[in-house]
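Per our numbering, the sequence shown starts with residue 148, numbered consecutively. Beta carbons are placed, not taken as given, at the ideal position from N, Cα and C, and that holds for glycine. Keep in mind the model is a prediction, meaning the values are calculated, not measured.
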Amino acid sequence: MNGIRPKEILDLLHVLEQDASGASGAPGGLVLATAVSLNGSVYTRAGAMGLFVPESAVPGTISAKSLQGGLYEGIEEAAAEGRPLLARLQIEEDDPILGFGFLCSGTLEVFFEPVDDALRAHLRKVRDAVLNAEGIVCALEIEGPETGRRAIYRMDAQA
């Protein structure tokens with residue numbers, strides 16, 4: 148099954164709601180990373196998400212300062228520019244963060260986006276659907292003029 152699991156979205160929202168430091172919305176604030184595509188022997192599913200912060204100030208997040216290479220650069224660029232971006236990362240088996248337990252070697256395409264009020268609102272709708280046991284499909288524009296636009300499709304085909 149692709150996509151984020153119910154417990155993951157609930158945990159993610161819990162961390163965002165606990166963001167008392169106000170890290171989101173400011174340059175260098177919270178950045179959501181979503182796995183988009185996977186090649187090679189990478190085994191994490193598309194749709195998996197991670198929440199990154201500039202420093203380990205928010206419990207339940209990963210400090211971007213502890214990362215290296217393309218992952219760190221993508222997080223920093225999205226946070227500094229305040230806009231989403233798509234990055235392709237080459238992951239090695241011995242990568243200190245992603246190589247053990249999360250991924251194996253291969254190419255990972257990741258969508259980085261700064262956390263803002265619109266993203267929080269979207270994730271709250273997803274959380275509500277999970278809590279109400281509603282079947283939904285979440286769509287994310289990763290390229291083009293509407294990069295970063297998210298939509299929720301329900302069984303009755305309303306967005």
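Per DSSP, residue 219 has no beta bridge partner at all. By alpha-carbon distance to residue 265, the top candidate from 157, 163, 158, 152 is 163. For residue 258, same chain residues with a beta-carbon under 6 Å away, outside a window of 5 residues either side, are 181, 183, 233, 289 in chain order.
Comparing alpha-carbon positions, the option among 227, 267, 236 lying closest to residue 253 turns out to be 236. With distances taken between CA atoms, residue 223 lies nearest to 178 out of 267, 178, 262, 186. Listed in chain order, the alpha helix (DSSP H) elements of length 4 or more contained wholly in the stretch 246-298 are 264-278. Note on residue 286: under 16 other CB atoms within 10 angstroms of its CB, so exposed under the neighbour-count rule.
Contact between residue 255 and residue 238 holds, with the beta-carbon distance rounding to 5 Å and staying under 8 Å.
One alpha carbon belongs to residue 220, the other to residue 292, and they sit about 23 Å apart.
In the DSSP assignment, residue 232 falls within the unbroken beta strand (DSSP E) covering 232-238.
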